[in-house]
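K.L.:
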Amino acid sequence: MSIKNNKRYLPEGKYVMMGNVAMSEGALAAGLNFFGGYPITPSTEVIEHLTKRLPEVGGSCIQMEDELASINAVIGASLAGVKAMTATSGPGLSLMVETISMAANLEIPFVLCDVQRVGPGSHGPVTSPHHNDLGLIRFAGHGEFQVIALAPMNCQELFELTITAFNFAETYRCPVFIVSDAYLGHLHEPVYIPPKEEIIKKVIKRELPQDYTKFFSYKDDMTGQYVIPKTPIAGTEYFPPTSLHLPHNYAGLPTSNSLEFMEMLIEKIISNIDKISITEEYRLEDAEIIIIAYGLPVRASYRAVDIAREQGIKVGIFRLVTVWPFPDKKVREVIKNAKAIIVPELNYTGFIAEQVERVKKLEIPIVKIPKVGEFHHPEEILNVIKEVSK
145 MSIKNNKRYL PEGKYVMMGN VAMSEGALAA GLNFFGGYPI TPSTEVIEHL TKRLPEVGGS
205 CIQMEDELAS INAVIGASLA GVKAMTATSG PGLSLMVETI SMAANLEIPF VLCDVQRVGP
265 GSHGPVTSPH HNDLGLIRFA GHGEFQVIAL APMNCQELFE LTITAFNFAE TYRCPVFIVS
325 DAYLGHLHEP VYIPPKEEII KKVIKRELPQ DYTKFFSYKD DMTGQYVIPK TPIAGTEYFP
385 PTSLHLPHNY AGLPTSNSLE FMEMLIEKII SNIDKISITE EYRLEDAEII IIAYGLPVRA
445 SYRAVDIARE QGIKVGIFRL VTVWPFPDKK VREVIKNAKA IIVPELNYTG FIAEQVERVK
505 KLEIPIVKIP KVGEFHHPEE ILNVIKEVSK
């Protein structure tokens with residue numbers, strides 16, 4: 145990450161930014177030097193903004209011929225030693241999954257912002273939100289591996305959590321997703337940009353590794369801990385003689401122990417879930433009814449909870465900022481004495497509600513509030529709160 149070009153960092157202060165622009169500026173602050181993308185509503189403003197901004201900081205932004213080329217260019221740039229990302233929406237993400245799977249298996253770090261829209265395919269108004277990609281994000285390809293996905297709920301967090309996403313990518317060498325949507329990406333809100341020095345302290349830089357024998361993650365036989373080496377950089381001594389998209393050991397050589405390989409890809413994330421899982425609690429100290437939410441539905445939930453509290457109903461919010469990996473233990477602890485659980489989601493299926501159902505006690509009722517293409521309103525959530533409190 146170059147710090148000699150001050151254009152990478154906006155002057156400290158408060159700005160009014162579109163969500164897609166705030167995310168792009170967060171990526172630049174995190175050290176982004178390559179963006180490969182293809183325009184698709186509602187993420188197009190990302191590539192439009194970075195086409196202007198990346199050359200100003202010595203980086204490259206390339207509009208590729210399609211999403212397949214975009215994600216492969218991102219992976220190539222990351223292997224060459226620069227921080228790289230792309231942004232897309234549902235149909236584009238569908239085209240990228242094969243390469244995402246390859247990158248996960250070869251532990252190539254990158255960030256992908258999915259600005260979700262109504263699906264499937266191009267069905268419905270493409271400028272309306274729909275968190276219908278959440279399952280695809282979790283299982284973003286063939287084979288087994290873990291991803292990290294962060295769900296901002298406002299433009300300020302789009303800036304801040306994008307920095308976190310790049311830090312996670314560097315630390316855990318796995319695909320890291322920013323879960324956005326058409327409303328959030330096009331929302332205009334105040335965004336505070338901190339001083340450059342403060343940003344630099346938060347950013348994990350891409351560094352040249354020192355160990356020239358271990359290129360991929362492995363389980364230490366002595367400690368039982370998973371060791372995640374720095375990412376190999378092409379053109380240096382620290383690059384494996386082979387990079388095979390099949391089970392391999394820490395040296396990159398093929399292995400017949402597929403179980404051990406899959407265990408590594410998954411457990412290097414799960415064993416660090418306490419560091420990866422970001423959650424927030426609101427008025428949970430005596431809550432009997434618990435709302436579990438992520439992204440935009442959290443905002444409407446705050447108002448509903450405040451009104452319900454004024455009416456004497458004991459309700460609170462457990463917010464998932466990190467949606468994948470799902471924090472089983474945290475959720476199980478929070479809801480263990482709940483009278484009822486409410487899960488508002490911007491999808492019909494209830495991807496997070498399914499996870500809550502999996503970890504809750506059988507006798508605790510769970511109520512889903514699905515929405516597709518439109519906001520939850522506080523009154524709708526409040527009505528459900530009143531119903532389950534009876």
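Numbered by this note's numbering, the letters in the sequence shown go through residues 145 to 534 in order. Glycine included, C-beta positions come from ideal geometry on N, C-alpha and C. Quick caveat: nothing in here was measured; it's all calculated off a predicted structure.
#1: Do Phe462 and Thr423 count as a contact pair if the criterion is CB distance below 8 Å?
#2: Going by CA-CA distance only, name the one from Phe283, Val255, Ala293 and Ser233 that's closest to Thr271.
#3: For Ser146, count the other beta carbons within 10 Å of its own beta carbon; 16 or more makes it buried, fewer makes it exposed. Which is it?
#4: Can you check whether the CB of Gly203 is closer than 8 Å to the CB of Ile337?
#5: Which of the three DSSP states is assigned to Asn491 in this structure?
#6: Considering Phe289, what are the terminal residues of the alpha helix (DSSP H) in which it resides?
#7: To the nearest angstrom, how far is it from the Cα of Gly220 to the Cα of Glu407?
#8: Which residue from Thr367, Val241 and Tyr394 puts its Cα closest to that of Tyr356?
#9: What are the start and end residues of the beta strand (DSSP E) that includes Phe106?
#10: Buried or exposed: His193, going by 16 or more other Cβ atoms within 10 Å of its Cβ?
#11: Could you check what DSSP says for Asp258 in three-state terms: helix, strand or coil?
#12: For Ala295 versus Met229, is the C-beta distance shorter than 8 Å?
#13: Closer than 7 Å by C-beta to Gly263: which residues in its own chain qualify, once you throw out the five before and the five after it? Chain order, please.
#14: In the structure shown, what three-state DSSP assignment does Pro514 receive?
#15: Between which two residues does the beta strand (DSSP E) containing Phe178 stretch?
#16: Using the beta-carbon count (16 or more within 10 Å), is Lys346 buried or exposed?
#17: Please list the segments of the beta strand (DSSP E) lying wholly inside the segment 292-330, counting only runs of 3 or more residues, in order along the chain.
#18: Helix, strand or coil: which one does DSSP assign to Glu200?
#19: Take Gly517 and list the residues in its own chain whose beta-carbon comes closer than 8 Å to its own, dropping the five residues that flank it on each side.
#20: Going by alpha carbons, who is nearest to Val255 out of Gln290, Glu304, Pro319 and Ala217?
#21: Give a yes or no on whether the C-beta atoms belonging to Lys512 and Glu531 are separated by under 8 Å.
#22: Mapping the DSSP letters down to three states, classify Thr195 as helix, strand or coil.
#23: Scan the segment 214-284 and note each continuous alpha helix (DSSP H) run of 4 residues or more that stays entirely inside, going in chain order.
#24: Considering only residues of the same chain and omitting the five flanking positions on each side of Gln290, which have a CB-CB separation below 7 Å?
#25: Can you round the beta-carbon distance between Phe360 and Glu189 to whole angstroms, since I take them to be within the 8 Å contact cut?
#26: Look at the alpha carbon of Ile525 and the alpha carbon of Val500, and state the distance between them as a whole number of angstroms.
#27: Looking only at its own chain, which residues have a Cβ that is under 7 Å from the Cβ of His286, when we skip the five neighbours before and after it?
#28: So if DSSP puts Val459 in a beta bridge, which residue, or which two residues, is it bridged to?
#29: Looking at the structure shown, is Arg152 part of a helix, part of a strand, or coil, going by DSSP?
#30: Along the chain, where does the alpha helix (DSSP H) containing Thr344 start, and where does it finish?
#31: What does the Cβ neighbour count give for Thr306, buried or exposed, with the cut at 16 atoms within 10 Å?
#32: Answer yes or no: do Lys458 and Glu432 have a C-beta to C-beta separation smaller than 8 Å?
#33: Let me know if Lys148 comes out buried or exposed under the rule of 16 or more other beta-carbons within 10 Å of its beta-carbon.
#34: From the DSSP secondary-structure annotation, give me the bridge partner or partners of Val500.
#35: In whole angstroms, what is the alpha-carbon distance linking Leu237 and Pro441?
#36: Residues in the same chain with beta-carbon distance under 7 Å from Arg476, minus the five sequence neighbours each way, listed in chain order, please.
P.N.:
The structure says:
#1: yes
#2: Ser233
#3: Interpretation of Ser146 is limited by its pLDDT of 39, a score under 50 that renders its predicted location unreliable; the figure taken from the coordinates is listed afterwards. So Ser146 ends up on the exposed side.
#4: no
#5: coil
#6: Premise fails: Phe289 is in no alpha helix (DSSP H) and is neither H nor E.
#7: Going by the C-alpha atoms only, they are around 26 Å apart.
#8: Tyr394
#9: It is not possible to answer for residue 106, since the shown part of the chain is limited to 145 through 534.
#10: buried
#11: strand
#12: no
#13: Gly234, His274 and Asn276
#14: strand
#15: From DSSP, the beta strand (DSSP E) with Phe178 extends over Leu176 to Gly181.
#16: exposed
#17: 292-294 and 319-325
#18: helix
#19: Val262, Gly268, Pro269, Ser272, Pro273 and His274
#20: Pro319
#21: No, Cβ-Cβ distance for Lys512 and Glu531 is not below 8 Å.
#22: helix
#23: As far as the segment 214-284 is concerned, its whole alpha helix (DSSP H) runs of at least 4 residues are 234-249 and 278-282.
#24: Cys318, Leu409, Ile410, Ile413, Ile414 and Pro469
#25: About 36 Å separates the beta carbon of Phe360 from that of Glu189, a gap too long to meet the 8 Å contact definition.
#26: Ile525 and Val500: Cα-Cα distance of roughly 18 Å.
#27: Ser245
#28: Val459 pairs with Ile433.
#29: helix
#30: The amino acid occupying residue 344 in the given sequence is Ile; Thr does not appear at that position. For Ile344, the enclosing alpha helix (DSSP H) starts and ends at Lys340 to Lys346.
#31: buried
#32: Yes, the pair counts as a contact, with Cβ atoms nearer than the cut-off.
#33: Bear in mind that the predicted position of Lys148 carries a pLDDT of just 47, short of 50, making it too unreliable to give a figure here.
#34: Bridge partners of Val500: none, in fact.
#35: 23 Å
#36: Val503
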